[in-house]
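Structure first, commentary second.
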Amino acid sequence: MAGKLEGKTAIITGAGRGIGKEVALLFAREGCRVLVNDLGTSVAGEGADRTPAEQTVAEITATGGEAMAHYGDVADMDAAEDMVRTALNAWGRLDILVNTAGILRDRMVFNMTEEEWDAVVRVHMKGTFATTKFASIYWRQSRQGGRLINFTSGSGLFGAPGQPNYAAAKMGIWGFTLSCARALGRYGVTANSIAPGAATRMTDTVPESRAAARTARIMAEAAKGTERDPANIAPPLVYLASDQGGWISGRCFGISGYRITLYSNIAPQVVLQGSKMWTTDELFGRMEPTFRQFIQPVA
Ligand SMILES: NC(=O)c1ccc[n+]([C@@H]2O[C@H](COP(=O)([O-])OP(=O)(O)OC[C@H]3O[C@@H](n4cnc5c(N)ncnc54)[C@H](O)[C@@H]3O)[C@@H](O)[C@H]2O)c1
Numbered sequence: 006m007a008g009k010l011e012g013k014t015a016i017i018t019g020a021g022r023g024i025g026k027e028v029a030l031l032f033a034r035e036g037c038r039v040l041v042n043d044l045g046t047s048v049a050g051e052g053a054d055r056t057p058a059e060q061t062v063a064e065i066t067a068t069g070g071e072a073m074a075h076y077g078d079v080a081d082m083d084a085a086e087d088m089v090r091t092a093l094n095a096w097g098r099l100d101i102l103v104n105t106a107g108i109l110r111d112r113m114v115f116n117m118t119e120e121e122w123d124a125v126v127r128v129h130m131k132g133t134f135a136t137t138k139f140a141s142i143y144w145r146q147s148r149q150g151g152r153l154i155n156f157t158s159g160s161g162l163f164g165a166p167g168q169p170n171y172a173a174a175k176m177g178i179w180g181f182t183l184s185c186a187r188a189l190g191r192y193g194v195t196a197n198s199i200a201p202g203a204a205t206r207m208t209d210t211v212p213e214s215r216a217a218a219r220t221a222r223i224m225a226e227a228a229k230g231t232e233r234d235p236a237n238i239a240p241p242l243v244y245l246a247s248d249q250g251g252w253i254s255g256r257c258f259g260i261s262g263y264r265i266t267l268y269s270n271i272a273p274q275v276v277l278q279g280s281k282m283w284t285t286d287e288l289f290g291r292m293e294p295t296f297r298q299f300i301q302p303v304a
């Protein structure tokens with residue numbers, strides 16, 4: 006039986022480990038040729054190692070799939086351009102880009118250093134932009150259509166207090182993806198973001214109390230076959246990347262375990278319309294009666 010992504014090609018960043026790896030393995034099983042990008046860094050984004058990308062490629066080719074490794078840094082413009090060039094040189098087309106690569110440097114905002122802020126914003130936001138830029142140049146020229154899938158996070162959607170850099174970068178990706186959906190739709194490209202939940206080495210670094218507040222804690226090592234297995238994230242991505250998924254664009258899906266959540270996009274909630282510039286006396290009388298009933302305290 007033909008795979009659901011038969012004949013297609015994909016670049017998947019951060020595909021040497023965790024969620025990206027599982028997406029790469031399932032895409033390949035569904036007939037997609039995959040460029041497996043991974044710099045092979047620590048969770049904090051330190052060091053480089055070719056082994057993770059090589060291992061994913063080896064697992065794909067061992068089962069008859071087609072894959073190539075790429076070891077570049079997603080936030081390096083030359084490396085991002087090289088990923089797209091490499092895929093096109095080898096396979097003559099690019100159908101899918103999945104931006105999964107990411108790092109963490111958690112710290113409360115009052116303790117965060119400039120370097121911690123810059124490193125996280127760089128990998129997530131610039132890294133997502135860099136690969137998308139070069140893929141979109143190709144999609145605009147080729148008119149063959151495309152699928153862009155970017156990774157945001159509940160950390161941004163709900164505002165994790167110990168992750169100000171990561172929350173900001175992930176909400177930046179959410180806005181960037183919506184912008185791409187509007188800009189690239191005319192070229193047959195859909196763009197969606199994913200807020201995943203799965204036990205990986207990344208979530209292993211989250212302190213016990215915060216992890217326990219969300220779900221029962223399972224470390225990455227024990228996740229295989231459970232609801233926290235990162236493999237659970239991959240099937241809905243096959244749908245979004247497929248021809249059948251072409252009707253969905255500009256939206257964010259939460260994917261965690263066996264649950265798929267469609268998030269609403271931002272919409273006005275309550276409007277207070279004046280007819281001229283507000284005086285402070287008027288506003289002090291109107292703000293609380295108008296808005297208070299709609300605003301819950303932030304915990
Ligand atoms: N696991 C979760 O529950 C969860 C929750 C919310 C969001 N996310 C997001 O999902 C994505 C995947 O996370 P994961 O949990 O699988 O993490 P992971 O650490 O297991 O995998 C991330 C991979 O990205 C690679 N990488 C890091 N920086 C890179 C760079 N500059 N260039 C190329 N590759 C680089 C790493 O080497 C690593 O293999 C990330 O964007 C993460 O922020 C994960």
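Numbers 6 to 304, taken from this note's numbering, label the letters of the sequence shown in order. Every residue gets a Cβ at the ideal spot worked out from N, C-alpha and C, and that includes glycine.
Straight-line CA distance for residue i to residue j?
| i | j | result |
| --- | --- | --- |
| G251 | F115 | 43 Å |
| F32 | A72 | 10 Å |
| A74 | I65 | 11 Å |
| R264 | S198 | 16 Å |
| R297 | D87 | 52 Å |
| F258 | Y268 | 6 Å |
| L99 | S141 | 10 Å |
| L183 | A196 | 7 Å |
| R291 | A304 | 25 Å |
| E287 | Q274 | 21 Å |
Starting from residue i, follow the beta strand (DSSP E) in both directions and report where the run begins and ends.
| i | result |
| --- | --- |
| P201 | V194 to G202 |
| Y244 | That residue, Y244, is in no beta strand (DSSP E); its alpha helix (DSSP H) goes A239 to A246. |
| S280 | From DSSP, S280 is part of no beta strand (DSSP E); its letter is neither H nor E. |
| I265 | R264 to Y268 |
| A258 | Reading off the sequence, residue 258 comes out as Phe, not Ala. Taken as a continuous stretch (DSSP letters only), the beta strand (DSSP E) holding F258 covers C257 to S261. |
| I154 | G151 to F156 |
Taking 8 Å as the cut-off, decide whether the C-beta atoms of residue i and residue j are in contact.
| i | j | result |
| --- | --- | --- |
| L109 | V48 | yes |
| G25 | I17 | yes |
| G107 | V128 | yes |
| N42 | V89 | no |
| P235 | A200 | no |
| S160 | K138 | no |
Return the residue from the list the options that minimises the CA-CA distance to residue i.
| i | options | result |
| --- | --- | --- |
| G180 | T46, G255 and V103 | G255 |
| A92 | S269, K13 and H129 | K13 |
| K131 | V41, N155, V39 and G23 | N155 |
| G50 | T231, G150, D111 and L189 | D111 |
| V194 | L153, A174, T157 and T208 | L153 |
| T58 | G36, D81 and G23 | For clarity, residue 58 is Ala in the given sequence; the question names Thr instead. Nearest C-alpha to A58: G23. |
| G77 | D248, I101, T56 and D209 | T56 |
On the DSSP letters alone, give me the boundaries of the alpha helix (DSSP H) that residue i sits inside.
| i | result |
| --- | --- |
| L142 | The sequence as given places Ile at residue 142; Leu does not occur at that position. Segment G132 to S147, the alpha helix (DSSP H) holding I142. |
Which runs of the beta strand (DSSP E) at least 3 residues long sit entirely within the region 18-47? Give them in chain order. 38-42
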